[in-house]
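Report on the structure given below.
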Amino acid sequence: MSDKVIVSTKTETGNFFEDFSLGQSLVHATPRTVTEGDVSLYTALYGARFVVNSSDDFASTLGLPGAPVDDLLAFHIVFGKTVADISLNAVANLGYAECRFLTRLYPGDTVSTTSEVIGLKENSNGKTGVVYVRSTGTNQIGEKVIEYVRWVMVRKRDESAPAPDASVPELATEVSPETLTVPEGLDFSDYDPVLGGSRYLWDDYEVGECIDHVDGMTVEESDHMTATRLYQNTAKVHFNQFTESKGRFGRRLMYGGHIISLARCLSFNGLSNAAFVAAINGGRHVAPTFAGDTVFAWSKILACAKIDGHDDVGALRVQTTAVKDQPCGEFPGKLEDGKYHDQVVLDLDYWVLMPRRAQ
Amino acid sequence: MSDKVIVSTKTETGNFFEDFSLGQSLVHATPRTVTEGDVSLYTALYGARFVVNSSDDFASTLGLPGAPVDDLLAFHIVFGKTVADISLNAVANLGYAECRFLTRLYPGDTVSTTSEVIGLKENSNGKTGVVYVRSTGTNQIGEKVIEYVRWVMVRKRDESAPAPDASVPELATEVSPETLTVPEGLDFSDYDPVLGGSRYLWDDYEVGECIDHVDGMTVEESDHMTATRLYQNTAKVHFNQFTESKGRFGRRLMYGGHIISLARCLSFNGLSNAAFVAAINGGRHVAPTFAGDTVFAWSKILACAKIDGHDDVGALRVQTTAVKDQPCGEFPGKLEDGKYHDQVVLDLDYWVLMPRRAQ
Amino acid sequence: MSDKVIVSTKTETGNFFEDFSLGQSLVHATPRTVTEGDVSLYTALYGARFVVNSSDDFASTLGLPGAPVDDLLAFHIVFGKTVADISLNAVANLGYAECRFLTRLYPGDTVSTTSEVIGLKENSNGKTGVVYVRSTGTNQIGEKVIEYVRWVMVRKRDESAPAPDASVPELATEVSPETLTVPEGLDFSDYDPVLGGSRYLWDDYEVGECIDHVDGMTVEESDHMTATRLYQNTAKVHFNQFTESKGRFGRRLMYGGHIISLARCLSFNGLSNAAFVAAINGGRHVAPTFAGDTVFAWSKILACAKIDGHDDVGALRVQTTAVKDQPCGEFPGKLEDGKYHDQVVLDLDYWVLMPRRAQ
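Residue numbers (my numbering), protein chains in the order written: chain Z, 20 to 378; chain R, 20 to 378; chain U, 20 to 378.
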């Protein structure tokens, strides 16, 4: 045993803005086998009730090999792996686009994530820049599970580092419904809406319909930290009260994805048969959330689309707004001046797949 | 994308008293595959130690195909499904009776629940009524898993709605021990009480014996909400601090079943070899419980019964009383005037199965 | 039903100092099948990211049958079983030694624990004594999983009970690296350090190197109680706020093993490829921890050892110090006078196995 002290440099500090280059590929650490244990925890964290994810037997009546893992659980796991490389030095998570759910995960599948840098733009203050990455989650046989773009504002390590040529990718404002992927083998012909929790199917929704999901869920520190650790997401602001107590908010910030999942699970009341998330067109964390907040949600149907070659499946484009400490009977959202109602925390625009009535 | 706003009517508001009719059948939503993940969470929520549920190997020495799911976990899942249809507008959960555990659940089994309305009686105030339902949990091959009666006081939507003919079912005050079901394949001949945690078997208990279970468990908000979400129980009062802060108690109410499971797990110390819950004769949530409460429990042996055709198995009728913020050395319970000691929160009367000594 | 009250004596009160005898064997209750559910909970409790435990596919590229259960999860489960017999009446958990991880657990394995009393020494005050036990966790086919010695100070029931002949075992201050066990089938030749989370392998570490693991994790009551219940550890001080509020600290004490796991998971940043814990040389809970504490950690490399017959595997002897509410950039630890820095809570000395570069 030695008394000498050598200060190690092996601790990872994450990438800073100048560490990224256009076209750069990143292989993220820690592939993860998803299990029934993760599914149970997801249920316990959000009270998820979408029947396709709840019952192997029900799922098998739809032609699936068993109950697939909730799409957003898959998303959070894929996303979690990117944090150490992409957003450890992020000032802000600015947006998502072009997120597509391509292959469903089942317990036992192993998922890993890679990213490509598709845009870089230094901010005029010279202290930060925006990094655009396309991240891809892949299963153990190489199938793409989820693909999405996000952009984050990242600190520079050294403000004197030269700015890269600005390159901002053109991103679709909507995932085109023609490109939505129906889960392999899915046949909704025998879907039982009673077991699904509602008699309303795709045919019953109309554009402009606004649904107050009514229920509210209060989040505890233990809840959001448990979720975020389950996703192996290591962003520091979620876990460390000692440091955060001296920070901007004085307390731990909740992982934005926790709110996405809460909002989706609250949306069950009114969208019970929205069995799958097929795409996320865009998402914005309008305001931070903290332990003690009670989250409510409401949704607006933005579009209804048929799916080519699938008479039994329809897609709904849904905008779900999550709001804290404010019931949603009056649909608090974006105001006329483009700002949001004070209590809004999330504005999420996505496609879901829902059974259609027999034609 | 459209700017028009159509207020949706698709949100479920649950059934009100006048929505129920005698003989009505309800098929509840969200069948659920129970997994090893649920079992781990149950252990983590209550510290359950009953060996039959803990070890596949131990269970297989008893002739079982593996460790069955804890009987009360099965109960909570079966129960959770009924909430959206039966008790979303309940004022009070009045009682349980005739609850029988008929087939054990194993990880991988899928359970679904149906209910039949077996009684209706409007209250004299014209604002509420009592609904009696017999609910049945069934596994994927159609075997009855659990059957029980509960009655709840439900609000009327419209006070002017006519009262139904009053019909109150006759309910047994006790599940007759002759009708208790021994798990299929169970053979306690090789039961090892050392591994079970106590040398005491069925033969060692006597009627009137009162057992102080000694230990106490403090419940956090995160704990009871996690449990209740795991059971997909959506009763609003458990989750929404924003609304409850304005309500009767000023805070979230704990799911009564959480206390039942806590009491059962505390009862391990003194009833370690009470391997199975075979029936619940009756149960009463005497007072509400809240986060921060420390739950203690004690039990009284009400009866000892042999099981016909099973020399290796005996039944004990147990009354377990859960008490908050009060140790149970003096057995606080029902007082002479029929009221309860101030700190009592649960009075549960049930049958357990325990190994007998070799004859 | 009877009105007579018979006060039961069946509640276990645990062993007191005079109940132990040298050479005594104890078979602990509640064998436990470890499942994927436990693994998910472990991830959710600590944010564990060691890749060998995270991915079945990754583990199988190393010649393993799948992802083994985290070594410390196995330790906590083995340890938990001993509490009811060894330390229910403990005043203090004094130390660990000679802890060896011999066979890895995989989901589906069942573990049980036995202990042998290897030392006894009454304290001069006549009120307490030190009990030394060697505990062994065994899997369902009789293979030793974990073996360790711990010693605890245990109360006497009756102060007038005669003192046993003092017998203090000689314990190794270090598990000799020659005796470390490499997991069966393990071949690190194809280990991918990128997926492991760091480019640093065994060859890159040097004796005296001190690593600040940087991150901090705040612990909630729900978190440490959930963990401790998962391990079926029933030590009263962790769970009962009613009683503890009147005790020495006024609040619930955290299970020391929770801090060990937190420290190990924080050590990922700097020791990402420390795939296995092979042995624990010694450990000391320097100060108690409570909910609300933020735990940081740093590690010092005490020794580097090759493993005979395994060119692909190296062992590092690591001293990890956990500290509360204090970042570790200045490596707070043992001071010159032999005392510890005020904020230190854990001093753990252990061996890890890490891949070596191709020779």
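All C-beta atoms in this analysis are idealised placements derived from N, C-alpha and C, irrespective of residue type, glycine included. All figures in this text were calculated on a predicted structure; none of them were measured in a lab.
For Pro374(Z), the enclosing beta strand (DSSP E) starts and ends at 363-374.
With respect to the 8 Å criterion, Cys229(U) and Ser27(Z) are classified as neighbours on the basis of their beta carbons. When DSSP states are grouped into helix, strand and coil, Tyr65(R) belongs to the helix group.
For Thr247(U), DSSP assigns no beta-bridge partner whatsoever.
Along the stretch 251-295 of chain U, the alpha helix (DSSP H) occurs as fully enclosed runs of 4 or more residues at 260-263, 275-285, listed in sequence order.
The straight-line gap separating the alpha-carbon atoms of Lys100(R) and Ser74(Z) is approximately 13 Å.
Linking Gly66(R) to His257(U) through their CA atoms gives a straight-line distance of about 12 Å. Residue pairing for His329(Z): DSSP places it in a beta bridge opposite Ile326(Z). Val88(U) is positioned such that its CB atom lies no closer than 8 Å to that of Phe77(U).
For Val332(Z), same chain residues with a beta-carbon under 8 Å away, outside a window of 5 residues either side, are Val201, Leu205, Phe207, Trp221, Ile326, Leu372, Met373, Pro374, Arg375 in chain order. One finds Glu239, Ser241, Asp242 in chain Z with Cβ atoms closer than 7 Å to the Cβ of Ser241(R), taken in chain order. Residues of the stretch 291-323 of chain Z that bring their beta carbon within less than 7 Å of a beta carbon in chain U are absent altogether. Judged by DSSP secondary structure, Thr129(R) falls outside any alpha helix (DSSP H) and instead within the beta strand (DSSP E) spanning 129-141. His329(Z) and Glu203(Z) have their C-alpha atoms some 12 Å from each other.
Val194(U) is a Cβ neighbour of Arg119(U), given a cutoff of 8 Å.
Going by C-alpha positions, Leu139(R) is about 32 Å away from Ser264(R).
Within chain R, no residue has its CB atom less than 9 Å from the CB of Gly352(U), the nearest being about 33 Å off. Among the residues facing chain R, Cys229(Z) is included, as its CB has a counterpart in that chain under 8 Å away. Using a Cβ distance threshold of 8 Å, Val233(R) and Thr54(U) do not count as a contacting pair. Distances from the alpha-carbon of Val314(Z) to those of His243(Z), Lys175(Z), Val24(Z) put His243(Z) closest. Taking a beta-carbon distance threshold of 8 Å, Leu64(U) counts as an interface residue toward chain Z. Nearest to Gly276(U) by alpha-carbon distance, out of Arg270(U), Gly269(U), Cys284(U), is Cys284(U). For Ile25(R), the nearest CB of chain Z lies under 8 Å from its own CB, placing it at the interface with that chain. Ala324(Z) places its beta carbon 8 Å or farther from that of Thr340(Z). With fewer than 16 other Cβ atoms from the protein chains shown falling within 10 Å of its own Cβ, Glu189(Z) counts as exposed.
Neighbours of Arg68(Z) in chain R, taken as residues at a C-beta separation under 8 Å, are given in chain order as Ala48, Thr49, Gln251, Thr253. By the neighbour-count criterion, in which a residue is buried when 16 or more other Cβ atoms sit within 10 angstroms of its Cβ, Ser186(R) is exposed. In this structure, Thr52(U) lies near Thr129(U), with their beta-carbon atoms less than 8 Å apart. Inside the stretch 186-255 of chain U, DSSP marks whole beta strand (DSSP E) runs of 3 or more residues at positions 228-231, from first to last along the chain.
For Ala322(R), same chain residues with a beta-carbon under 7 Å away, outside a window of 5 residues either side, are Val226, Arg336 in chain order. For Thr253(Z), the closest of Glu31(Z), Lys23(Z), Ile25(Z) by C-alpha to C-alpha distance is Glu31(Z).
With respect to Ala103(R), Ala48(R) sits close: the two C-beta atoms are nearer than 8 Å. Of all residues in the stretch 262-291 of chain Z, the ones placed with a Cβ closer than 8 Å to any Cβ belonging to chain U are Thr262, Arg271, in chain order.
Interface with chain U (8 Å Cβ-Cβ cutoff): Gln378(Z) is excluded.
Within chain Z, the residues Thr30 have their CB atoms less than 7 Å from the CB of His232(U), given in chain order.
Where Ile165(R) is concerned, the enclosing beta strand (DSSP E) starts and stops at 163-174.
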